[in-house]
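S.K.: Before we start, here is the structure in question, set down as structure tokens.
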DNA sequence: TACAAGGTTGTAATTATTACAAAATGCAAA
DNA sequence: TTTGCATTTTGTAATAATTACAACCTTGTA
Ligand SMILES: [Mn+2]
Ligand SMILES: [Mn+2]
Ligand SMILES: [Zn+2]
Ligand SMILES: [Zn+2]
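Chains as they are written, first to last, in my numbering: chain A, 413 to 550; chain B, 413 to 550.
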């Protein structure tokens with residue numbers, strides 16, 4: 413496990429460098445969390461998870477790292493909560509479902525692009541949010 | 413115009429009473445604005461529009477009225493801005509398009525319901541947001 | 001006229017996020 | 001090695017949208 417992690421960290425390091433991002437410890441750990449835990453976390457959720465193992469981590473680092481990744485196209489911002497921003501490591505076209513009972517966010521891997529109608533406007537980006545009761549809660 | 417307005421106000425009054433809402437002057441004016449100007453305003457946008465003609469209006473009244481209307485099912489909250497809440501007097505199923513150039517929000521009157529896929533979850537509510545360049549800006 | 005219920009107002013508090021400057025870190029030249 | 005510089009991290013302060021709250025107004029009724 414430890415060895416695996418170290419190898420994995422090397423891969424993340426390579427990937428960050430490719431994107432022109434210097435691979436600091438904090439950035440690697442944040443990226444690692446996002447790939448390992450596909451929970452579409454907010455900055456605060458991520459901070460609370462990591463602070464246990466990284467006692468000096470600051471919220472500012474989490475926010476700035478997430479924004480950096482998003483601006484480099486490595487993350488997607490999703491707004492399924494209404495106001496608060498959550499982040500998705502999977503930048504492919506897909507929809508999201510949020511259970512209003514347990515709060516969990518699920519991926520729905522169907523491209524909305526093909527389903528949605530043509531309009532007189534030029535559509536560049538599409539976001540589809542579904543709400544209801546998840547398979548576990550019903 | 414003046415006479416029309418007065419008649420119109422009476423209709424709004426009736427409608428509010430039907431919904432169990434006492435038809436105060438502020439509530440009538442806010443409802444009037446929402447039906448007359450279909451711009452999906454935020455609380456702040458609405459406040460700035462009305463404060464000119466209603467100098468004593470407070471933001472708190474705007475927020476609480478919009479929330480009251482929304483909770484009674486007379487308005488829909490829409491989150492096309494990411495961070496800030498906008499309100500839609502049209503509670504029917506339809507999608508929204510936001511122009512990233514001029515900022516205007518357009519309705520797209522196609523029911524998403526029929527287009528979107530079935531899932532293993534029970535979907536109760538659906539929101540579709542499209543972003544791009546509007547017909548006026550391109 | 002007096003009272004009670006509900007509505008409005010202004011201010012303070014809260015929440016999520018960004019701005020900013022000081023401290024820490026990493027790296028490369030001397 | 002040390003020194004110096006650029007970058008990153010950190011903590012705190014500022015901002016923006018929204019909600020909480022208490023005092024003040026209105027309105028309808030006895
Ligand atoms: Mn996703
Ligand atoms: Mn609409
Ligand atoms: Zn659930
Ligand atoms: Zn436009």
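Cβ coordinates follow ideal geometry from the N, Cα and C atoms, glycine included. Please read all numbers here as calculations on a predicted model, not as lab measurements.
Please name the residue, chosen from 505/B, 527/B, 490/B and 487/B, that lies closest to residue 523/A on a Cα-to-Cα basis.
M.R.: Against the first chain, residue 523/A aligns to sequence position 111. Comparing Cα positions, the closest option is 527/B.
S.K.: Between residue 541/B and chain A, is there a C-beta pair that is closer than 8 Å?
M.R.: Walking along the second chain from the start, residue 541/B turns up at place 129. Taking Cβ atoms only, chain A reaches closer than 8 Å to residue 541/B, which makes this a yes.
S.K.: Give the residues from the region 505–536 of chain A that approach chain B closer than 8 Å (Cβ to any Cβ), ordered along the chain.
M.R.: Flagged, chain order: 507, 509, 511, 512, 518, 520, 522, 524, 527, 528, 529, 531, 532, 533, 534, 535 and 536.
S.K.: Give the straight-line distance between the Cα atoms of residue 435/A and residue 535/A, rounded to the nearest whole angstrom.
M.R.: In the first chain, residue 435/A corresponds to position 23, counting from 1. In the first chain, residue 535/A corresponds to position 123, counting from 1. Looking at the two C-alpha atoms, the distance is approximately 35 Å.
S.K.: Can you round the beta-carbon distance between residue 490/B and residue 452/B to whole angstroms, since I take them to be within the 8 Å contact cut?
M.R.: Here residue 490/B refers to the residue found at position 78 of the second chain. Here residue 452/B refers to the residue found at position 40 of the second chain. 6 Å between Cβ atoms; contact.
S.K.: As a quick exercise: from 548/A, 464/A, 474/A and 482/A, pick the residue whose alpha carbon is nearest that of residue 510/A.
M.R.: In the first chain, the residue the question calls residue 510/A occupies position 98. When only C-alpha atoms are compared, the closest one is 548/A.
S.K.: Taking a cut of 7 Å between CB atoms, which residues from the region 433–453 of chain B lie near chain A?
M.R.: Against chain A - using a Cβ distance shorter than 7 Å - the region 433–453 of chain B contributes no residues.
S.K.: Below 9 Å between beta carbons is the criterion; list the residues of the region 483–496 of chain A that meet it against any residue of chain B, in chain order.
M.R.: For the region 483–496 of chain A, which is checked against every Cβ of chain B, the residues closer than 9 Å are 489, 491, 492, 493, 494, 495 and 496.
S.K.: Could one say the Cβ of residue 538/B lies closer than 8 Å to chain A's Cβ atoms, at least one of them?
M.R.: Sequence index remark: in the second chain, residue 538/B carries index 126 (1-based). At least one chain A Cβ lies under 8 Å of residue 538/B.
S.K.: Distance check for residue 503/A and residue 485/A, CA to CA, integer angstroms please.
M.R.: As a working note, residue 485/A is residue 73 in the first chain. As a working note, residue 503/A is residue 91 in the first chain. The straight-line gap from Cα to Cα measures roughly 8 Å.
S.K.: Any idea which residues DSSP pairs residue 386/B with across the strands?
M.R.: Absent from the model: residue 386/B. The displayed extent of chain B is 413 to 550, so no value can be given.
S.K.: For residue 546/A, does the count of other Cβ atoms within 10 angstroms reach 16, so buried, or fall short, so exposed?
M.R.: Working through the first chain from its first residue, we reach residue 546/A at position 134. Residue 546/A is buried by the Cβ-count criterion.
S.K.: Between residue 438/A and residue 469/A, which are expected to be in contact by the criterion C-beta below 8 Å, what is the C-beta distance as a whole number of angstroms?
M.R.: The count along the first chain starts at 1 and reaches residue 438/A at position 26. The count along the first chain starts at 1 and reaches residue 469/A at position 57. The Cβ separation is near 7 Å, so the contact holds.
S.K.: In this structure, does DSSP put residue 470/B in helix, strand or coil?
M.R.: As a position in the second chain, residue 470/B is number 58, starting the count at 1. The answer is coil: DSSP assigns residue 470/B none of H, G, I, E or B.
S.K.: Would you say the beta carbon of residue 513/A comes nearer than 7 Å to a heavy atom of ligand 3?
M.R.: Within the first chain, residue 513/A is the residue found at index 101, counting from 1. True, at least one ligand heavy atom lies under 7 Å from that Cβ.
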